[in-house]
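S.K.: In terms of our numbering, the sequence shown opens at residue 145 and continues consecutively. All residues carry an ideal CB built from backbone N, CA and C; glycine is no exception. Just so we're clear, the structure is a prediction, and the values are computed from it rather than from any experiment. Before we start, here is the structure in question, set down as structure tokens.
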Amino acid sequence: MKISIIGTGYVGLVSGVCLAEVGNHVLCLDVDPHKIAILRDGGIPIYEPGLEAMVKRNVAAGRLAFTTDIAESVAYGQVQFIAVGTPPDEDGSADLQHVVAAARNIGRYMNSRKVIVDKSTVPVGTAEKVRVAIQNELTARAANVPFSVVSNPEFLKEGAAVEDFMKPDRIVVGAEDPYAIEVMRAIYAPFQRNHERLILMDIKSAELTKYAANAMLATRISFMNELALLAERLGADIERVRQGIGSDPRIGYQFLYPGCGYGGSCFPKDVQALMRTAAGNGLELKILKSVEAVNQRQKSVLPDKIVKRFGENLNGLHFALWGLAFKPNTDDMREAPSRVLIDSLCARGATMAAYDPVAMDEARRIYGKQNSLRFAISPENALLGADALIIATEWKEFRSPDFNEIKAILRHPLIYDGRNLYEPALVREAGLEYFGIGRL
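This is the structure:
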């Protein structure tokens, strides 16, 4: 099948490459010539494990190509996936200007039957906006070309997106047109040979499903973070509590890890967008309002612990920071807790040395040549001259450090563990003070 992907960001590029991997011919469109130049040269503009090799393999096989030509993209694909960004607007709602612009372009140039697939994370009612935008363009040029609009939200985890697409646990399709349903079943047949994973529903339900999923996961995280604060006051260990409740099959262990707050491009944006959608329909989502408030508070927990120990004035103090990305296996620093840490401590006069296995270039882009922040070449290099170590991202390479070496390098034997990577007893046996999230 010939497929066009509009947008080569995280969702668009992963989707396009994976669809090419199973034999489709895919043309990826982006209006950013710099992105397309990188892709044509064999690179990728994002970090995602395994993706670069797949891009090169499918380009070499002639199944994957890239363009900035909108008319070429519209003419190419029988199926047009819209995978452009939907950043939060000033009021927290999803900004749909790029989605609607993509739809208008399809309507402006299409001359044969198309299935248009909303892959971007969009609020309920977006498919209808897409349909109207396309129809208006067709009407303006007196063209009578049939088309269908489908909602097919993505459920890709940054850092595991390729595996998520190739081995999905579910494929949500919102469609009411038999032709479009047949096309979507054909596209996803190679990804569900073991058993049926495609869940067919109406378009509005599909649009809501994506937001509901991310809101639920964010709720679990904030719930555990709030319990962790309570555990600290009660003298309980949140890790033991996590094991105790996670063993209940009705609850499970997933997304029950307390920490220094969630970030990224999805949870913060989608929680806000869902609240705005509800408000626009006369309903206040009180649980999600609390989820967001708890998360904002949680990002200040580590700075507050440090200030409690050293005081408000941090002049002359230097901290090592391990982890900048909002989670492992990505370079994404959007809404990352590390940014709150850096801003909070440096504003109080501290200096910092930060290390991340992947996100260093992104951090340099964000912070430039800020005098109070040094970018280290290794975890050990970040420790040099530091008064304490702070963990903000749970990268695997941080999980089993040499605590005796850390103690020998640090000016004060202190670890602030924002991801509860370490057993407190093991750290203290090495002569270090340990401050986790809800740990004894």
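Is the separation between the beta-carbon of residue 366 and that of residue 436 shorter than 9 Å?
M.R.: Numbered from 1 along the sequence shown, position 222 holds the residue referred to as residue 366. Numbered from 1 along the sequence shown, position 292 holds the residue referred to as residue 436. In contact: residue 366 and residue 436 (Cβ atoms closer than 9 Å).
S.K.: Tell me the residue span of the beta strand (DSSP E) that contains residue 253.
M.R.: Residue mapping note: residue 253 aligns to position 109 of the sequence shown, counting from 1. First-last for residue 253: 241-253, but that is the alpha helix (DSSP H), not the beta strand (DSSP E).
S.K.: Between which residues of its own chain and residue 235 is the CB-CB distance below 8 Å, once the five residues before and five after are set aside?
M.R.: As a working mapping, residue 235 is identified with position 91 in the sequence shown. Excluding sequence neighbours, residue 235 sits near 420.
S.K.: According to DSSP, simplified to helix, strand and coil, what is residue 211?
M.R.: By one-based count along the sequence shown, residue 211 stands at place 67. It is a strand residue.
S.K.: Does the pairing of the region 395-410 with the region 471-488 give three or more beta-carbon distances under 8 Å?
M.R.: Touching, yes, given that three or more Cβ pairs across the two stretches are closer than 8 Å.
S.K.: Throw me the rounded Cβ distance for the residue 399 and residue 159 pair, which I believe falls under 8 Å.
M.R.: Reading the sequence shown from its first residue, position 255 is the one you call residue 399. Reading the sequence shown from its first residue, position 15 is the one you call residue 159. With 8 Å as the limit, residue 399 and residue 159 do not qualify as a contact, their Cβ atoms being about 24 Å apart.
S.K.: Apart from the five residues just before and just after residue 505, which ones in its own chain have a Cβ nearer than 8 Å to its Cβ?
M.R.: Taking the first residue of the sequence shown as position 1, residue 505 is located at position 361. The answer, listed in chain order, is 475.
S.K.: Quick one: any contact between the region 382-400 and the region 450-462, if contact means 3 or more CB pairs under 8 Å?
M.R.: The region 382-400, when compared against the region 450-462, does not touch it at the 8 Å Cβ threshold.
S.K.: Measure the C-alpha to C-alpha separation of residue 564 and residue 333 and round it to an integer number of angstroms.
M.R.: The sequence position of residue 564 within the sequence shown is 420, counting from 1. The sequence position of residue 333 within the sequence shown is 189, counting from 1. Rounded to whole angstroms, residue 564 to residue 333 spans 41 Å at the Cα level.
S.K.: Mind pulling the alpha helix (DSSP H) runs of 4 or more residues that sit fully within the region 293-324?
M.R.: With a minimum length of 4 residues, the continuous alpha helix (DSSP H) runs that stay inside the region 293-324 are 305-310.
S.K.: Could you compute how far the alpha carbon of residue 438 sits from the alpha carbon of residue 370?
M.R.: Against the sequence shown, residue 438 aligns to sequence position 294. Against the sequence shown, residue 370 aligns to sequence position 226. Each residue's alpha carbon lies about 7 Å from the other.
S.K.: Please report the residue range of the alpha helix (DSSP H) in which residue 346 lies.
M.R.: Position 202 of the sequence shown, counted from the start, is the residue given in the question as residue 346. Note, residue 346: premise wrong, no alpha helix (DSSP H); not H, not E.
S.K.: For residue 321 and residue 248, I'd like the C-alpha separation in whole angstroms.
M.R.: One-based indexing of the sequence shown puts residue 321 at position 177. One-based indexing of the sequence shown puts residue 248 at position 104. Between residue 321 and residue 248, the C-alpha separation is close to 21 Å.
S.K.: Nearest-angstrom Cα distance between residue 211 and residue 173?
M.R.: The residue labelled residue 211 in the question sits at position 67 within the sequence shown. The residue labelled residue 173 in the question sits at position 29 within the sequence shown. Their backbone Cα atoms lie some 5 Å apart in a straight line.
S.K.: Can at least three beta-carbon pairs, one atom from the region 216-231 and one from the region 145-152, be found at a separation below 8 Å?
M.R.: Touching, yes.
S.K.: Could you tell me which of 215, 145, 266, 194 sits nearest to residue 207, measuring between CA atoms?
M.R.: For this step, residue 207 is matched to residue 63 along the sequence shown. Nearest option by C-alpha distance: 145.
S.K.: Comparing alpha-carbon positions, which option in 522, 147, 494, 433 lies nearest residue 501?
M.R.: Indexing the sequence shown from 1 puts residue 501 at position 357. Selected option, being the one with the closest Cα: 522.
S.K.: Taking C-alpha atoms, which residue in 517, 536, 524, 241 lies nearest to residue 547?
M.R.: Here the question's residue 547 lines up with position 403 in the sequence shown. The option with the nearest alpha carbon to residue 547 is 524.
S.K.: If you drop the 5 nearest sequence neighbours on each side, which residues of the same chain put their C-beta closer than 8 Å to that of residue 299?
M.R.: Taking the sequence shown and counting its residues from 1, one reaches residue 299 at position 155. Contacts found: 308, 312, 313, 314, 316, 354, 357.
S.K.: Give the secondary structure of residue 145 by DSSP, where H, G and I count as helix, E and B as strand, and everything else as coil.
M.R.: Indexing the sequence shown from 1 puts residue 145 at position 1. In the structure shown, residue 145 sits in coil (DSSP, three-state: anything other than H, G, I, E or B).
S.K.: Rounded to a whole number of angstroms, what is the C-alpha to C-alpha distance between residue 242 and residue 221?
M.R.: Sequence index remark: in the sequence shown, residue 242 carries index 98 (1-based). Sequence index remark: in the sequence shown, residue 221 carries index 77 (1-based). Cα to Cα, residue 242 sits roughly 19 Å from residue 221.
S.K.: I need the DSSP call for residue 265, collapsed to helix, strand or coil.
M.R.: The residue given as residue 265 occupies position 121 in the sequence shown. Residue 265 falls in the coil class under three-state DSSP.
S.K.: If we count the other Cβ atoms within 10 Å of its Cβ and call it buried at 16 or more, is residue 290 buried or exposed?
M.R.: Here residue 290 corresponds to residue number 146 of the sequence shown, with the count starting at 1. By the 10 Å Cβ count, residue 290 comes out exposed.
S.K.: If you compare alpha carbons, which of 495, 381, 530 is closest to residue 513?
M.R.: Position 369 of the sequence shown, counted from the first residue, corresponds to residue 513. The shortest C-alpha separation from residue 513 is found at 495.
S.K.: Here's a check: name, in chain order, each residue in its chain whose Cβ is nearer than 6 Å to the Cβ of residue 190, leaving out the five neighbours to either side.
M.R.: To locate residue 190, count along the sequence shown from 1; it is residue 46. These residues qualify, in order along the chain: 154.
S.K.: From the DSSP secondary-structure annotation, give me the bridge partner or partners of residue 560.
M.R.: As a working note, residue 560 is residue 416 in the sequence shown. Answer is 534, 579.
S.K.: Go through its chain and collect everything with a Cβ distance to residue 349's Cβ below 8 Å, but skip five positions before and after it.
M.R.: Mapped onto the sequence shown, residue 349 falls at position 205. Counting only Cβ-Cβ distances below 8 Å, and skipping sequence neighbours, we find 318.
S.K.: Going by DSSP in three states, residue 453 sits in which element: helix, strand or coil?
M.R.: As a first step, residue 453 must be located in the sequence shown, where it is residue number 309. It is helical.
S.K.: Going by DSSP, what residues sit across from residue 224 in a beta bridge?
M.R.: The sequence position of residue 224 within the sequence shown is 80, counting from 1. Paired residues: 148, 260.
S.K.: Runs of 4 residues minimum, wholly inside the region 368-408: which ones carry the alpha helix (DSSP H) assignment?
M.R.: With a minimum length of 4 residues, the continuous alpha helix (DSSP H) runs that stay inside the region 368-408 are 382-390.
S.K.: Would you kindly report the start and end of the unbroken alpha helix (DSSP H) that includes residue 283?
M.R.: For the purposes of this step, residue 283 is taken as the residue at position 139 of the sequence shown. Its alpha helix (DSSP H) spans residues 270-284.
S.K.: Rounding to the nearest angstrom, what Cα-Cα distance links residue 280 and residue 251 in this structure?
M.R.: As a position in the sequence shown, residue 280 is number 136, starting the count at 1. As a position in the sequence shown, residue 251 is number 107, starting the count at 1. The straight-line gap from Cα to Cα measures roughly 8 Å.
S.K.: Would residue 266 and residue 238 be called neighbours here (beta carbons separated by less than 9 Å)?
M.R.: Residue numbering aside, residue 266 sits at position 122 when the sequence shown is read from its first letter. Residue numbering aside, residue 238 sits at position 94 when the sequence shown is read from its first letter. Yes; because the gap between Cβ atoms is below 9 Å, this pair is in contact.
S.K.: Thinking residue 533 and residue 559 are a contact (beta carbons under 8 Å), I'd like their distance in whole angstroms, please.
M.R.: As a first step, residue 533 must be located in the sequence shown, where it is residue number 389. As a first step, residue 559 must be located in the sequence shown, where it is residue number 415. Indeed, because the Cβ distance is near 5 Å, the residues count as touching under 8 Å.
S.K.: Let me know if residue 526 comes out buried or exposed under the rule of 16 or more other beta-carbons within 10 Å of its beta-carbon.
M.R.: Walking along the sequence shown from the start, residue 526 turns up at place 382. The residue in question, residue 526, is buried, as its Cβ has 16 or more Cβ neighbours within 10 Å.
S.K.: DSSP state of residue 545, grouped into three classes?
M.R.: Here residue 545 corresponds to residue number 401 of the sequence shown, with the count starting at 1. Three-state result, residue 545: coil.
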